[in-house]
Amino acid sequence: PDNNSLTAHIWLVFKNSRSSKETARQRIESILRQMLTSHSGSLPTDPDSLKLM
């Protein structure tokens, strides 16, 4: 990152008993990437930097 960058670590907790863990993970990742791509407003974002742990 350069001197004008910001890194945010965000902890999200999801409860989902209807689908498998991996399916839920893939869906959550897809939704978050879409949000980073289309709803960043004035904040520049890098959807490729999204990491789920």
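Under the UniProt record's numbering, the first residue of the sequence shown carries the number 1, and numbering increases by one thereafter. Glycine included, C-beta positions come from ideal geometry on N, C-alpha and C. Every value quoted in this text rests on a predicted model; they were computed, and no experiment measured them.
Alpha carbon of P47 to alpha carbon of T37, nearest angstrom:
The C-alpha of P47 lies about 6 Å from the C-alpha of T37.
DSSP state of M53 mapped onto helix, strand, coil:
Looking at M53 - three-state DSSP - the assignment turns out to be coil, as it is neither helix nor strand.
How is A24 classed by DSSP in three states: helix, strand or coil?
A24: helix per DSSP, three-state reduction.
So, are the CB atoms of A24 and N16 less than 8 Å apart?
Yes, these two residues count as a Cβ contact at 8 Å.
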